[in-house]
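Residue numbers for the sequence shown, in the UniProt record's numbering: 1 to 442.
Here the structure comes first, spelled out in structure tokens, and everything after it is commentary.
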Amino acid sequence: MLSVALCSLLPFILSANALKLDLARVAAASSSVNNNLINKYNVRYTTNITISGRVVNVVLDTGSTDLWVMPPDGLPAFKDTGINTKIVYGNGYDYVAGDIGTGEFQLDSYIIPNQAFLKVNDASAAEQGDFQLGIYGVWGLGFNTPGSSRINDAVTQAYGSSATWGQSALANIFAQDPTKADYIAISLSRNGDSAGSADASLAIAEYDTHYTQVANAPRLSQSPPGSGSWTVTLDSISVGGKKLNWPTPCRMFRAARILSLSTLGAPFTTNAMLPAAQIAAIYGSIPNAVFAANAQLRIPQTQYSSTTGVWVVPCTASISVSLTFGGQTFPIHPLDMTDIQIVASPDGKSQYTVCIGSFTDVGTIVSGFSDGLVGDSFLRNAYTVFDFATGGNVPPGTTPFVQMLSVTDATKAQADYLSVRRALLRSYPPELSPAQFVQIFG
Numbered sequence: 001m002l003s004v005a006l007c008s009l010l011p012f013i014l015s016a017n018a019l020k021l022d023l024a025r026v027a028a029a030s031s032s033v034n035n036n037l038i039n040k041y042n043v044r045y046t047t048n049i050t051i052s053g054r055v056v057n058v059v060l061d062t063g064s065t066d067l068w069v070m071p072p073d074g075l076p077a078f079k080d081t082g083i084n085t086k087i088v089y090g091n092g093y094d095y096v097a098g099d100i101g102t103g104e105f106q107l108d109s110y111i112i113p114n115q116a117f118l119k120v121n122d123a124s125a126a127e128q129g130d131f132q133l134g135i136y137g138v139w140g141l142g143f144n145t146p147g148s149s150r151i152n153d154a155v156t157q158a159y160g161s162s163a164t165w166g167q168s169a170l171a172n173i174f175a176q177d178p179t180k181a182d183y184i185a186i187s188l189s190r191n192g193d194s195a196g197s198a199d200a201s202l203a204i205a206e207y208d209t210h211y212t213q214v215a216n217a218p219r220l221s222q223s224p225p226g227s228g229s230w231t232v233t234l235d236s237i238s239v240g241g242k243k244l245n246w247p248t249p250c251r252m253f254r255a256a257r258i259l260s261l262s263t264l265g266a267p268f269t270t271n272a273m274l275p276a277a278q279i280a281a282i283y284g285s286i287p288n289a290v291f292a293a294n295a296q297l298r299i300p301q302t303q304y305s306s307t308t309g310v311w312v313v314p315c316t317a318s319i320s321v322s323l324t325f326g327g328q329t330f331p332i333h334p335l336d337m338t339d340i341q342i343v344a345s346p347d348g349k350s351q352y353t354v355c356i357g358s359f360t361d362v363g364t365i366v367s368g369f370s371d372g373l374v375g376d377s378f379l380r381n382a383y384t385v386f387d388f389a390t391g392g393n394v395p396p397g398t399t400p401f402v403q404m405l406s407v408t409d410a411t412k413a414q415a416d417y418l419s420v421r422r423a424l425l426r427s428y429p430p431e432l433s434p435a436q437f438v439q440i441f442g
């Protein structure tokens, strides 16, 4: 997920000095964009890599750095280094452990002859859901900075700093052509919405030809610089065209994830998490919406933070939400604001349809120094470039930045939402209104 520093009192500022440092870039249209980015139920975005002779479907994660795999058929060309390590996510309940080895890594035309990765032999229960979806690993696309990679730290300790094969796969791809700037560009699709969805694509050091205008978008500098995470400042959130109030004082944001795998807690979340007051302002504006505490006991497959309450809303309720970054407004498609679920009655004899808010209370996930997270539910509405500010002719010390291009037309999205949601409801069990949900489930 992308992490944002939220502060209603802090406007977006890009200094003239920063503009001078960040040299203008000619939009490099991609002829080799990886359009094999796979959307698994809007909760995981994956791709197929070949590692040590085995094709493995892995989830993409911009919030972590390491590459690990656990394919059921093993790895025919695995070279064991004899080093063991454990990668821990979030609160420690989610982890993988195994042996660091090397092998040939391939993604489309990119080949790394000798890449370090973790061959997992022990995974927490939190990973089982991905295994059931045929996902057998994580490819971290995050920062290759000291302390960011358990694998690189272990390799460096054992073999010295010259063992560059221990750094991330993305860093080794960048290193193959130091004349190019180091950035990735990602577009996320929306399942069940062929008319209103962007294509799914991943590009490395180039842009999808559909979105080359992103080169001219404002540069959202990492805040604070050197955080090692994709942390940027959010200008405001608007509901129905009105800006929400934000709590003060403003706190700086911590790390989060752009894509499917959240390492901030279990269960994973790919939605957005904001303070409870902002969540209430968003969904409380919908007529007849109600807040259901401890909904985890009644609604399966719900994405939570460290809290378990969600807003239950009418399935075709109109909702208009937008986020503003760097003076750019990004409307959020209504399909990304609510999730449709099937629930069983308390006696198990009946099934109902219920719709819940996909933005949830951040709880204690980012306690202390962070205000919230935005994930795939937002990023399906923007073509996003994550620039590490290294490589090419980028001056040393340049701050990493994000550029985004809106891909959602607010007016068209409302009509698309009603068309898609009504068609889906026709094939689902009877819908429960929020009031009926409370009456039946308490």
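Using N, Cα and C, we set each Cβ at its ideal position, and we do this for glycine too.
Quiz item: Which stretch, first to last residue, makes up the beta strand (DSSP E) that contains I184?
Solution: A181 to S187
Practice problem: Determine the closest residue to R150 out of G375, L323, T384 and I83, with distance taken between C-alpha atoms. | Solution: I83
Quiz item: Run through DSSP, which three-state label would L244 get?
Solution: coil
Quiz item: Nearest to F441 by CA position, among A389, T209 and V354, is which residue?
Solution: V354
Quiz prompt | Q176 burial status per 10 Å Cβ neighbour count (16 or more: buried) | solution = exposed
Quiz item: Applying the criterion that 16 or more other CB atoms from any shown protein chain within 10 Å of the CB defines a buried residue, is Y93 buried or exposed?
Solution: exposed
Quiz item: By Cβ distance, which residues of its chain are closer than 8 angstroms to P346, with the 5 residues on each side in sequence left out?
Solution: I440 and F441
Quiz item: Comparing alpha-carbon positions, which option in D376, T324 and P225 lies nearest T398?
Solution: P225
Quiz item: So, is S201 buried or exposed, given that buried needs 16 or more other C-beta atoms within 10 angstroms?
Solution: buried
Self-check item: For A175, the first and last residue of its enclosing alpha helix (DSSP H)
Solution: A169 to A175
Quiz prompt | Per DSSP, cross-strand counterpart(s) of I237 | solution = L323
Quiz item: Along the chain, where does the alpha helix (DSSP H) that runs through A200 open and close?
Solution: A200 -> no alpha helix (DSSP H), and no H or E assigned at all.
Exercise. Go through its chain and collect everything with a Cβ distance to N36's Cβ below 7 angstroms, but skip five positions before and after it.
Key: T47 and N48
Practice problem: Could you tell me the boundaries of the alpha helix (DSSP H) in which G129 lies? | Solution: Q128 to Q132
Exercise. Take the Cβ of G412 as the centre, count every other Cβ of all protein chains shown within 10 Å, and call the residue buried at 16 or more, exposed below.
Key: The sequence given here has Lys at residue 412, not Gly. K412 is exposed by the Cβ-count criterion.
Quiz item: Near S197, which residues of its chain fall below 6 angstroms by C-beta distance, leaving aside the five closest residues on each side in sequence?
Solution: S189 and R190
Self-check item: Sequence-distant residues of the same chain with beta carbon closer than 8 angstroms to G147, five excluded per side
Solution: D153 and G228
Quiz item: Just the Cα atoms here: how many angstroms apart are D339 and T81?
Solution: 45 angstroms
Exercise. Tell me, to the nearest whole angstrom, how far the beta carbon of G129 is from that of L424; I am working on the premise that it is less than 8 angstroms.
Key: Not really, about 23 angstroms apart at Cβ, beyond 8 angstroms.
Quiz prompt | Pairwise C-alpha distance: F386 and G241 | solution = 28 angstroms
Quiz item: For N288 versus A116, is the C-beta spacing smaller than 8 angstroms?
Solution: no
Exercise. In angstroms with no decimal places, state the Cα-to-Cα distance between V232 and Q222.
Key: 5 angstroms
Quiz item: How long is the line joining the alpha carbons of P314 and N144, rounded to whole angstroms?
Solution: 44 angstroms
Quiz prompt | Residue range of the beta strand (DSSP E) that includes I135 | solution = Run containing I135: none; DSSP gives neither H nor E here.
Self-check item: Status (buried if at least 16 other CB within 10 Å, exposed otherwise) for Q167
Solution: buried
Self-check item: Between the CA atoms of K243 and V56 - distance to the nearest angstrom
Solution: 44 angstroms
Exercise. Tell whether a beta-carbon distance below 8 angstroms holds between L107 and L141.
Key: no
Quiz item: Does the distance from the C-beta atom of I356 to that of V290 stay below 8 angstroms?
Solution: no
Exercise. Measure the beta-carbon distance from F325 to L234 and round it to whole angstroms, keeping in mind my assumption that it falls under 8 angstroms.
Key: 6 angstroms
Quiz item: Taking the C-alpha atoms as reference points, what is the distance between A344 and A292?
Solution: 16 angstroms
Exercise. May I ask you to list the residues that DSSP assigns as paired with S377?
Key: DSSP, once it has assigned bridges, lists no residue as partnering S377.
Exercise. Determine the direct distance from the alpha carbon of D182 to that of A389, and round the result to whole angstroms.
Key: 6 angstroms
Quiz prompt | Proximity below 8 angstroms, CB of P334 to CB of S322 | solution = no
Practice problem: Measure the alpha-carbon distance for T371 versus A276 and round it to whole angstroms. | Solution: Sequence check: residue 371 is Asp here, not Thr. For D371 and A276, the distance between alpha carbons rounds to 11 angstroms.
Quiz prompt | Own chain partners of Y110 with C-beta closer than 8 angstroms, once the 5 adjacent residues on each side are dropped | solution = I173, Q176 and I204
Exercise. Pick out whichever of L118, N114, P400 and H210 has its Cα sitting closest to the Cα of V96.
Key: L118
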